[in-house]
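Undergrad: Adding 7 to a residue's 1-based position in the sequence shown gives its number in our numbering.
The beta carbon of each residue, even a glycine, is placed where N, CA and C say it ideally should be.
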Amino acid sequence: QVDGIIRARLFTEGDYVRAGQPLYRIDPATYGARVASARAALARARASTVGAEGQVRRYAELVKRNFVSRQLYDNAVSAAGEARADVQAQAAALRSAEIDLERTVIRAPISGRIGRSLYTTGALVQAGQQNALTTIQRLDPIYVDIQQSSADLLKLREQMLAGEVASNHGAQVRLQLESGSIYPEVGSLSFADVTVDPATGSQTIRALFPNPQHILLPGMFVRGQLSQGVQARGILVPQRAVSRDERGRPTVMVVGKNNLAELRVIEADRTVGTSWLVTGGLKPGDRLIVDAGPLLRPGVPVKPQLSRGN
8 QVDGIIRARL FTEGDYVRAG QPLYRIDPAT YGARVASARA ALARARASTV GAEGQVRRYA
68 ELVKRNFVSR QLYDNAVSAA GEARADVQAQ AAALRSAEID LERTVIRAPI SGRIGRSLYT
128 TGALVQAGQQ NALTTIQRLD PIYVDIQQSS ADLLKLREQM LAGEVASNHG AQVRLQLESG
188 SIYPEVGSLS FADVTVDPAT GSQTIRALFP NPQHILLPGM FVRGQLSQGV QARGILVPQR
248 AVSRDERGRP TVMVVGKNNL AELRVIEADR TVGTSWLVTG GLKPGDRLIV DAGPLLRPGV
308 PVKPQLSRGN
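1) Do residue 117 and residue 143 count as a contact pair if the criterion is CB distance below 8 Å?
2) Can you check DSSP and say which residues form a bridge with residue 195?
3) Which value, in whole angstroms, describes the spacing of the CA atoms of residue 113 and residue 29?
4) Spatial neighbours of residue 101 within its chain, please: C-beta separation below 8 Å, excluding the five flanking residues on both sides.
5) Round the Cβ separation of residue 296 and residue 285 to the nearest angstrom and send it over; I've been treating them as touching at under 8 Å.
6) Where residue 111 and residue 184 are concerned, what is the direct C-alpha to C-alpha distance, given to the nearest angstrom?
7) Using the beta-carbon count (16 or more within 10 Å), is residue 216 buried or exposed?
8) So, residue 214 versus residue 226, is the Cβ gap smaller than 8 Å?
9) Between which two residues does the alpha helix (DSSP H) carrying residue 220 extend?
10) Could you tell me which of 267, 55, 278 sits nearest to residue 303, measuring between CA atoms?
11) For residue 120, write down the residues that DSSP places opposite it in a beta bridge.
12) Can you give the Cα-Cα distance for residue 11 and residue 34, rounded to whole angstroms?
13) In this structure, does DSSP put residue 88 in helix, strand or coil?
14) Three or more C-beta pairs closer than 8 Å, one from the segment 9 to 28 and one from the segment 115 to 129: is that the case here?
15) Once you ignore the five residues that flank residue 280 on each side, which residues in its own chain have a CB closer than 6 Å to its CB?
16) For residue 246, count neighbouring Cβ atoms within 10 angstroms of its own Cβ and tell me buried if that reaches 16, exposed if not.
17) Name the DSSP beta bridge partners of residue 258, please?
18) Where does the unbroken beta strand (DSSP E) through residue 51 begin, and where does it stop?
19) Hey, how far is the Cα of residue 70 from the Cα of residue 94?
20) Taking residue 190 as the reference, give the member of 198, 197, 229 with the closest Cα.
21) In terms of alpha-carbon separation, which member of 262, 32, 240, 60 lies closest to residue 128?
22) Look at the alpha carbon of residue 301 and the alpha carbon of residue 248, and state the distance between them as a whole number of angstroms.
23) Report the rounded CA-to-CA distance for residue 61 versus residue 105, giving the unit in angstroms.
24) Would you give the residue range spanned by the beta strand (DSSP E) that residue 152 belongs to?
25) Whole angstroms is fine: what's the gap from residue 283's alpha carbon to residue 241's?
26) Here's the rule I'm using: 16 or more other beta-carbon atoms within 10 Å means buried, otherwise exposed. How should residue 17 be labelled?
27) Residue 136: buried (16+ other C-beta within 10 angstroms of its C-beta) or exposed?
28) So residue 244 and residue 294 are in contact, right, with Cβ under 8 Å, and what is the actual spacing, rounded?
29) Output the boundary residues of the beta strand (DSSP E) element that contains residue 15.
30) Could you tell me the alpha carbon to alpha carbon distance between residue 151 and residue 201, rounded to whole angstroms?
In structure tokens:
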């Protein structure tokens, strides 16, 4: 916010800094001189005001006795008003100079982890320059931006309006890290962007996560998992159990009466992880054939066994 030469760097690169902590000190000599000059100008203006107001008081008595003209009295009143206004202007100039002097100490605007300094001691910096002196990243809590298909979001909203899906307000958000592990902290949905990126057809959803161990870092890629709606009649079916018939409809094989294989046409809305979300064609209690050979056909006797993981 001020021009000058950096005289000192007051932080260690990579450290955690707190809001208001001094980071740099710019040479204050010029700004200190401006403060002294502004103080002198204010003192001079106040002295002039004292003289002008005294003149008004003297003329006030003299004009009553007609010893001076009314014009001289009015001129004295006007001069006193100008002197008082000058005091206010000089006081404002002094405050402005003091603010500039305070700004020679550059402080951290937020708390967070500070990066390397991009300027060294002795470098000239200018107010409003494009290049930052350094970067501070707030790591705890941290925002995570998640991309969601606008088509999926539109379909979800249509199902909510139709009463097929119940809204899940306050849904928790979980993250899968680049290593494949699950981030231990649970986040909360902050907001959803009001626009859709025309290049990708996606909408940005922002979530807020605690990050006490600083595992999450700016620029890291993660996969978000959140529940925006509850499908009460939905059933998750492993993707490997679903195939397509000649008309392209999703189908599964179930164990029917007398342990005979039976073909079912299902309604599969979308994938959820490694499963399909089925909203029609299956009901609780149906025995789904998950791992079957290519020779399995409807009506073939089967010997059902419980699959791994259920």
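TA: The short version:
1) Yes, Cβ-Cβ distance for residue 143 and residue 117 is below 8 Å.
2) 179, 215.
3) For residue 113 and residue 29, the distance between alpha carbons rounds to 6 Å.
4) Excluding residues within five positions, the ones whose Cβ falls inside 8 Å are 42, 45, 46, 48, 49.
5) Incorrect: roughly 14 Å between the Cβ atoms, too far for contact.
6) CA-to-CA, the gap between residue 111 and residue 184 works out to about 42 Å.
7) Under the 10 Å beta carbon count, residue 216 is surrounded by 16 or more other beta carbons and is classified as buried.
8) Cβ atoms of residue 214 and residue 226: not closer than 8 Å.
9) Here residue 220 belongs to no alpha helix (DSSP H), and DSSP marks it neither H nor E.
10) Of 267, 55, 278, the residue nearest in Cα terms is 267.
11) For residue 120, which the question treats as bridged, DSSP gives the partners 23, 144.
12) Spanning the two alpha carbons is a distance of roughly 6 Å.
13) Three-state DSSP puts residue 88 in a helix.
14) By the criterion of at least three beta-carbon pairs nearer than 8 Å, the segment 9 to 28 is in contact with the segment 115 to 129.
15) Excluding five sequence positions before and after residue 280, none of the CB atoms of its chain fall closer than 6 Å to its own CB.
16) Around the CB of residue 246, fewer than 16 other CB atoms lie within 10 Å, so the residue is classed as exposed.
17) Partner(s): 250, 272.
18) Note, residue 51: premise wrong, no beta strand (DSSP E); alpha helix (DSSP H) at 36 to 71.
19) Approximately 27 Å between the Cα atoms of the pair.
20) It is 229 whose Cα lies nearest to the Cα of residue 190.
21) Checked all of 262, 32, 240, 60; the closest Cα to residue 128 is 32.
22) Near 12 Å, if we compare the C-alpha coordinates of residue 248 and residue 301.
23) Across the structure, residue 61 and residue 105 are spaced so that their CA atoms are roughly 31 Å apart.
24) The continuous beta strand (DSSP E) containing residue 152 extends over residues 149 to 156.
25) Straight-line measurement puts the Cα of residue 241 at about 10 Å from the Cα of residue 283.
26) Burial call: exposed.
27) Answer is exposed; the Cβ neighbour count stays below 16.
28) Contact between residue 244 and residue 294 does not hold, since their C-beta atoms are separated by about 12 Å, which reaches or exceeds 8 Å.
29) First-last of the beta strand (DSSP E) with residue 15: 11 to 16.
30) So the alpha carbons of these two residues sit roughly 17 Å apart.
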